[in-house]
Amino acid sequence: MTILSYLGWDSFPIARLSNNRAGHELLHDLKRWQIHTDHLLFNEDGSTPIIIHRIKRDKKGNPIHRFEFRDPETGHWLPQFKPITKNVASEVLAGNEIPNVFYFDRINPGTFELAHKLKAQGSIICFEPSSIKDKEDFERFLGVTDILKFSHERIPDYKSLFKSPRCFLEIETRGKSGLFYRSKKHSDPYHWHNIPGFVLGEIEDSAGAGDWCTAGLLHKLCSEGKVALNKTGVKKIHSALQFGSALGGLNCFYDGARGMMYYYTLHKLMNEIDSFIVNGHIDTKKIINIPRIDISTNLKFSELYNAVCND
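Using my numbering, you'd call the opening residue of the sequence shown number 1387 and step up by one each time.
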């Protein structure tokens, strides 16, 4: 949502967050990036998830990262995600807002309510699952999805489970090997096409590459709405996926899932991406290495989720 706002979109996240310091910090960051906060709820029933993103090096010196869900100071579980409810979905739908895109990555009743109703009203539905826990439930969500994007590492058997395309566009990510995709717009919609990964060399952190890729392809394919998407040709689909892949690749040279945003203005980023796509690799001597926004903090985890925000 934040990346799309950075790219010029109006982003409206829908979430149940806690009314504490963590919620306050998140709200502050979202407002910094001009996110619309109309559908953010802050109360005792909500939860502001906290995840530790730890960047390390393997024995060969290559960067690796992992996510941790316990407070390193106490060992206690950090606050986790809470899904929206059907009541929250109904309140959002009552506003009669019809977005170009509704994006989600979790399966729950409230999300399905939104996806089902918004699709009927003309929104593009983008689903990015992390697993298939219940195939029947998963298929129900596929039935309302226009753009599906998943990781081969997380869902390795998708191609065998779903031999025929269920969505307008289906994308499988394979890390350094790039993307595979199939679309109902191709003459052979069963065939998976490949977009090779870019040559990156020595990177800093690969976290967030998939998020940038998703935001990039939505930016290129969905800004004009569902009718325009249905008219999109295969060349534009390929170009949009290449653009998203390039965004994800460039972010790997910065720490954090959104690290690149703190270094580049949008204009400078677009120029760098154009060069990246043409050349197929990044000249690391030319990338920006001085941040334009400071994101440092000395807060402890306990200060984030224990203190109630009274602002």
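Don't be surprised by glycine CBs; every beta carbon is placed ideally from N, CA and C.
- By the CB criterion at 8 Å, residue 1558 and residue 1565 fall inside the cutoff.
- Under a 10 Å Cβ-count criterion, residue 1480 is classified as exposed, with fewer than 16 other Cβ atoms of the shown protein chains found around its own Cβ.
- For the pair residue 1426 and residue 1399, the CB atoms are nearer than the 8 Å cut-off.
- Counting other Cβ atoms within 10 Å of its Cβ, residue 1506 stays below 16 and is therefore classed as exposed.
- Here residue 1530 carries a coil assignment [DSSP, helix/strand/coil].
- Measuring C-alpha to C-alpha distances from residue 1667 to each of 1652, 1613, 1562, 1545 identifies 1562 as the nearest.
- Its Cα nearest to that of residue 1586, the residue 1659 stands out among 1611, 1604, 1659.
- According to DSSP, residue 1616 shares a beta bridge with no other residue.
- Short of 8 Å from the beta carbon of residue 1638, and not among the five residues preceding or following it, lie these beta carbons of its own chain, in chain order: 1586, 1589, 1590, 1591, 1592, 1595.
- Per DSSP, the unbroken alpha helix (DSSP H) holding residue 1418 starts and ends at 1407-1418.
- In the three-state reduction of the DSSP assignment, residue 1463 falls in the strand class, which pools E and B.
- A straight-line Cα-Cα distance of about 49 Å links residue 1572 and residue 1690.
- Straight through space, the alpha carbons of residue 1598 and residue 1631 are spaced by roughly 8 Å.
- Looking at the DSSP output, residue 1569 shares a beta bridge with 1555.
- Shown here, residue 1631 sits in a helix according to DSSP, grouped into three states.
- Residue 1465 sits away from residue 1438, with the two beta carbons spaced by 8 Å or more.
- Comparing C-alpha distances from residue 1499 to each of 1520, 1472, 1523, 1482 shows the shortest one belongs to 1472.
- Annotation for residue 1499: no beta strand (DSSP E) segment contains it, though the alpha helix (DSSP H) segment containing it runs 1495-1506.
- Excluding residues up to 5 positions away in sequence, 1492, 1494, 1496, 1497 lie with their Cβ nearer than 7 Å to the Cβ of residue 1469 in the same chain.
- Residue 1487: not part of any alpha helix (DSSP H); member of the beta strand (DSSP E) spanning 1487-1490, first to last residue.
- Residue 1454: member of the beta strand (DSSP E) spanning 1449-1454, first to last residue.
- For a cut-off of 8 Å, the C-beta gap from residue 1474 to residue 1501 is around 14 Å, too long to register as a contact.
- For residue 1550 against residue 1576, the beta-carbon gap comes to about 6 Å, under 8 Å, which counts as contact.
- Sequence-distant Cβ neighbours of residue 1537 in its own chain, meaning closer than 6 Å and more than five residues away, are 1559.
- Linking residue 1607 to residue 1462 through their CA atoms gives a straight-line distance of about 42 Å.
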